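Numbering-wise, the numbering used here puts 729 at position 100 of the sequence shown, and it's gapless, one number per residue. Beta carbons: idealized from backbone N, C-alpha and C, even for Gly. As the structure is a computational prediction, the values presented were derived from the model and not from experiment.
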Amino acid sequence: MQVVRGTNSERFKREFKKYEYYAPTYTYIGWNNDHPIFRDKKVRQAMTYMTDRKLIVQSVLFGLGEVVNSTIYFFRPEYDKDLKTYPFDPQKGLALLHEAGWQDTDGDGVLDKVIDGKKTPLRFEIKVNSGNAVRKSVALVLVEELRKRGIDARVRELDWTIFLNDVKNHQFDAVVLGWQMQTTEPDMYQIWHSTQAANKGSNAISYKNRRVDEILEAYRREFDPQKRIQLYKEFQEILNDEQPYTFLYVGKRVSAVQRRFEGVEVFPDGLRPIDWWVPV
Numbered sequence: 630m631q632v633v634r635g636t637n638s639e640r641f642k643r644e645f646k647k648y649e650y651y652a653p654t655y656t657y658i659g660w661n662n663d664h665p666i667f668r669d670k671k672v673r674q675a676m677t678y679m680t681d682r683k684l685i686v687q688s689v690l691f692g693l694g695e696v697v698n699s700t701i702y703f704f705r706p707e708y709d710k711d712l713k714t715y716p717f718d719p720q721k722g723l724a725l726l727h728e729a730g731w732q733d734t735d736g737d738g739v740l741d742k743v744i745d746g747k748k749t750p751l752r753f754e755i756k757v758n759s760g761n762a763v764r765k766s767v768a769l770v771l772v773e774e775l776r777k778r779g780i781d782a783r784v785r786e787l788d789w790t791i792f793l794n795d796v797k798n799h800q801f802d803a804v805v806l807g808w809q810m811q812t813t814e815p816d817m818y819q820i821w822h823s824t825q826a827a828n829k830g831s832n833a834i835s836y837k838n839r840r841v842d843e844i845l846e847a848y849r850r851e852f853d854p855q856k857r858i859q860l861y862k863e864f865q866e867i868l869n870d871e872q873p874y875t876f877l878y879v880g881k882r883v884s885a886v887q888r889r890f891e892g893v894e895v896f897p898d899g900l901r902p903i904d905w906w907v908p909v
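Structure, rendered in structure tokens:
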């Protein structure tokens, strides 16, 4: 990556100061929770166990990122630091699929299961928007691992307009996407409340959980900061168990500032050049 190679020269170090900071944005694989395959949380959990998230950070992001387990920005007090981390463990993932009834019953090399009275192969498509090499690489890393385990997954690139239309209309098996994290008090209603799965809302994966709905509604009525934190910790524990997303990473931004500038400071949302000044 150019940003890694280009910021290590002696000339660069003399003239510039490098700032690395976490962008309040996370990338994820969203599973269509209404899809016959992904209705079962054991399948979604298995997908996360089979996703080598640390490898993705190291090889795709060149180390400029951090594996994340939640929709809450990890510098916020609401972030639950005790969340279970799903390590890269393909055998554990395969065991979960077997528990969920997936076997290769016809010897074709692809796991299958009878769902709603119909024999269904464990075959699906991961959609990404064309031109985004990072998201495509993320999907390809997962696909390569899945094929070793009897799962026929494929990557499909689409023009952004078509891709976004498919996402809004729930016309996908899985997608690689990202969300902006709130650096102020978060409100997760728009993404996670079941009502937002309708009318092209932001809950594009059709995630529906009655207790999550109750928490998100209670959070909007609660003014006690500690009670709000506890509500969102319970919310995160539920998501962590159900894995409607496979949370991937928060990426790092790298900025270079000429050393003559003073007052340079990193804020939760990045650098603010308006606050810089040059000594006379």
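Count the other CB atoms within 10 Å of the CB of residue i; is the residue buried (16 or more) or exposed (fewer)?
| i | result |
| --- | --- |
| Lys713 | exposed |
| Ser688 | exposed |
| Ile744 | exposed |
| Asp709 | buried |
| Lys829 | exposed |
| Asn662 | buried |
| Gln674 | buried |
| Asn832 | buried |
| Leu723 | buried |
| Glu707 | buried |
| Pro716 | exposed |
| Gly746 | exposed |
| Glu773 | exposed |
| Asp898 | exposed |
| Ser638 | exposed |
| Ile780 | buried |
| His822 | buried |
| Ala782 | buried |
| Ile903 | exposed |
| Trp789 | exposed |
| Val907 | exposed |
| Phe852 | exposed |
| Thr813 | exposed |
| Arg764 | buried |
| Gln809 | exposed |
| Ile834 | buried |
| Asp802 | buried |
| Phe876 | buried |
| Leu892 | Note that residue 892 corresponds to Gly in the displayed sequence, not to Leu. Classification for Gly892: exposed. |
| Pro653 | buried |
Where do the ends of the beta strand (DSSP E) carrying residue i lie?
| i | result |
| --- | --- |
| Tyr702 | Neither: Tyr702 is in no beta strand (DSSP E) and is coded neither H nor E. |
Secondary structure at residue i, three-state DSSP: helix, strand or coil?
| i | result |
| --- | --- |
| Phe641 | helix |
| Tyr914 | With the chain represented from 630 up to 909, any question about residue 914 goes unanswered, as that position is not in the structure. |
| Glu695 | strand |
| Ile666 | coil |
| Met827 | One point to set straight first is that residue 827 is Ala, not Met, in the sequence displayed. Coil. |
| Leu684 | helix |
Considering only DSSP beta bridges, list what residue i is partnered with.
| i | result |
| --- | --- |
| Ser884 | Tyr648 |
| Val926 | With the chain covering 630 to 909 only, the question about residue 926 has no answer from this structure. |
| Phe896 | Gly899 |
| Tyr659 | Before going further, note that residue 659 is Gly rather than Tyr in the sequence given. According to DSSP, Gly659 bridges with Val804 and Tyr874. |
| Glu891 | Trp906 |
| Pro750 | Asp741 |
| Gln809 | Thr654 |
| Gln865 | Beta-bridge pairing links Gln865 to no other residue. |
| Gln732 | Asp741 |
Quick one: give me the first and last residue of the alpha helix (DSSP H) that residue i is part of.
| i | result |
| --- | --- |
| Ala724 | Pro719 to Glu728 |
| Thr790 | Trp789 to Lys797 |
| Lys742 | Unbroken run through Lys742 is the beta strand (DSSP E), Asp741 to Ile744; no alpha helix (DSSP H). |
| Lys765 | Ala762 to Lys777 |
| Tyr708 | Looking at the DSSP string, Tyr708 is not in any alpha helix (DSSP H), and its letter there is neither H nor E. |
| Met676 | Lys670 to Tyr678 |
| Trp821 | Tyr818 to Trp821 |
| query | Considering only residues of the stretch 829-862, which uninterrupted alpha helix (DSSP H) runs meet the minimum length of 4 residues and lie entirely inside it, listed in chain order? | reply | 839-850
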